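Step one of this worksheet: look at the structure below.
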Amino acid sequence: MGNPYNHSCKHLNFGGSMDGLQRHRVVYKLIRALLIPYLRLRFHYRCQKSDDRPSPALILANHNTDWDPMFISIGFPSHMYFVASEHIFHWGVWSRLINYLAAPIPRAKATNDTRTVKKILRALNAGINVCVFAEGDRSFNGETTDIAPAIGKLAKQSGVGLITYRLSGGYFTQPRWGHSIRKGPTYGMPAGHYTKEELAEMTDEQVNERIRRDLYVNAFDDPMVENGRYVGKQPSEHLEIVLYCCPACGSIATITTSGDRLSCSCGLSLRYNTLGRFETTEGEQLPFETILEWDQWQQGKMKEILSERLRINNANPIFADENQTLYRIKKRESEENLGTGRLSLFTDRLEFQPEGSVPQLFLFRQIAAMAVHGRMSLVFSTDNGDYYELRATRPRSATKYMECYRFLLKRTLWKESD
Numbered sequence: 256m257g258n259p260y261n262h263s264c265k266h267l268n269f270g271g272s273m274d275g276l277q278r279h280r281v282v283y284k285l286i287r288a289l290l291i292p293y294l295r296l297r298f299h300y301r302c303q304k305s306d307d308r309p310s311p312a313l314i315l316a317n318h319n320t321d322w323d324p325m326f327i328s329i330g331f332p333s334h335m336y337f338v339a340s341e342h343i344f345h346w347g348v349w350s351r352l353i354n355y356l357a358a359p360i361p362r363a364k365a366t367n368d369t370r371t372v373k374k375i376l377r378a379l380n381a382g383i384n385v386c387v388f389a390e391g392d393r394s395f396n397g398e399t400t401d402i403a404p405a406i407g408k409l410a411k412q413s414g415v416g417l418i419t420y421r422l423s424g425g426y427f428t429q430p431r432w433g434h435s436i437r438k439g440p441t442y443g444m445p446a447g448h449y450t451k452e453e454l455a456e457m458t459d460e461q462v463n464e465r466i467r468r469d470l471y472v473n474a475f476d477d478p479m480v481e482n483g484r485y486v487g488k489q490p491s492e493h494l495e496i497v498l499y500c501c502p503a504c505g506s507i508a509t510i511t512t513s514g515d516r517l518s519c520s521c522g523l524s525l526r527y528n529t530l531g532r533f534e535t536t537e538g539e540q541l542p543f544e545t546i547l548e549w550d551q552w553q554q555g556k557m558k559e560i561l562s563e564r565l566r567i568n569n570a571n572p573i574f575a576d577e578n579q580t581l582y583r584i585k586k587r588e589s590e591e592n593l594g595t596g597r598l599s600l601f602t603d604r605l606e607f608q609p610e611g612s613v614p615q616l617f618l619f620r621q622i623a624a625m626a627v628h629g630r631m632s633l634v635f636s637t638d639n640g641d642y643y644e645l646r647a648t649r650p651r652s653a654t655k656y657m658e659c660y661r662f663l664l665k666r667t668l669w670k671e672s673d
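In this text, residue positions in the sequence shown follow the numbering used here: the first is 256, and each later residue adds one.
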């Protein structure tokens, strides 16, 4: 009796033919064999292997480093396809090489792309494992981010089993806001195995709750890496990408970093140590010990600022950044440079003022979705289907725009519905 999945494999379109699938399997095994000693040496990575049952399976994992697909592959001997940000398809010859060797399934941020779901289901129906990073993004503050409600629906709709796999230590090894790798302990382990029959008996929300429970990590309260030290060069550099509000003076975008130090123009000065905590000189008050505590405070502070601005109906920008470059993303490997200039956030819109040209306005009610790509590229899509990306050459926080957009959009819609 032949392989019941062969017919489906011919129509995967992950390489154009069965030859493509066989190539991906060979490459997966080869890269996996080469990576095991490297990851152990470079990242001190240790993992528990999954028994690959049920198979095929939808594999869901949390996400903190660019190396997470490699970490996952060490835990799964059987070949799988990975869902990856569509940005990797904008790298020219490197994109074509990645597609030839591994054929990742593309997913565009800040859009609702049903093509991704269709390709995931096609691969699973062909008997091939697929790995999705359930958060769809890397954490900026060390805590697992929100998992989209559609993930539970996808798991049930797939008609296959579900395996959850949790990674620990990655946030300190390669923090999203940082630009270098630090040596310290990292771990991977299966968190849950669910058969398709078990999933069928659950509601979408019950599946989501299991996924959240299995994949949740607070890097600063993770027993797997407790007291682990992460040593690297310039460990605090670019923390201003995530920490945009000073706890001492309340100013926005006044934080700067150098080496292991973080400071503000008001005189605040802290050290970021190898445990991933803040220190201050003896006798001075420490505002926060962790990035997570600081970020939770600044989000609350920003909501206070925005609420007050809405109350008094101030027409001035809440904050702005210079030397921002706006791109319209068209298709894979295609983008249009719309100029460089000043980006400002108001209570109802983003405003981009390119040098020597008229400003472009993006009303919040016309923005369909917004996200952050990489460390500090702000991406968003509009109701008419356009897709934009704002990039900066100097460290600045893109998260402050995304967080303000989400808060202000909710407040605006609430007021309009009254």
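We put the CB at the ideal spot given by N, CA and C, even for glycine.
What you are looking at is a predicted structure, and each value in this text was computed from that prediction instead of being measured.
- Counting C-beta pairs closer than 8 Å gives three or more between the stretch 529–539 and the stretch 478–498, which meets the contact rule.
- Within its own chain, the residues whose Cβ lies closer than 7 Å to the Cβ of residue 523, once the five positions on either side in sequence are excluded, are 501, 503, listed in chain order.
- Here DSSP, grouped into helix, strand and coil, assigns residue 581 to strand.
- A distance of 8 Å or more separates the beta carbons of residue 578 and residue 602.
- With contacts defined as CB atoms closer than 8 Å, residue 411 and residue 462 qualify as a contacting pair.
- The secondary-structure analysis by DSSP pairs residue 387 across a beta bridge with 315.
- Membership of residue 407 in the alpha helix (DSSP H) is indicated by the continuous run 405–412.
- Between residue 432 and residue 494 the beta-carbon gap is near 6 Å, inside 8 Å, which marks them as a contact.
- Residue burial is scored here from C-beta neighbours: residue 413 has at least 16 other C-beta atoms within 10 angstroms and is therefore classed as buried.
- Looking only at 558, 491, 451, 417, the smallest Cα-Cα distance to residue 430 is reached by 491.
- By the Cβ test, the stretch 399–406 is not in contact with the stretch 326–335, since fewer than three Cβ pairs between them sit closer than 8 Å.
- Contact between the stretch 377–391 and the stretch 434–442 is absent, with fewer than three C-beta pairs closer than 8 Å.
- Here residue 608 really is in contact with residue 614; their C-beta atoms are around 5 Å apart, less than 8 Å.
- Residue 654 has its alpha-carbon roughly 16 Å from the corresponding atom of residue 319.
- Judged by their CB atoms, residue 581 and residue 593 are nearer to each other than the 8 Å cut-off.
- Annotation for residue 331: 305 place their beta carbon closer than 6 Å to its own, counting only its chain and skipping 5 residues before and after.
- Counting only runs of 4+ residues, the alpha helix (DSSP H) found wholly inside the stretch 523–572 occupies 546–567, in chain order.
- Judged by DSSP in its simplified three-state form, residue 485 adopts coil rather than helix or strand.
- Of all C-beta pairs linking the stretch 343–359 to the stretch 273–289, three or more are shorter than 8 Å, placing the two stretches in contact.
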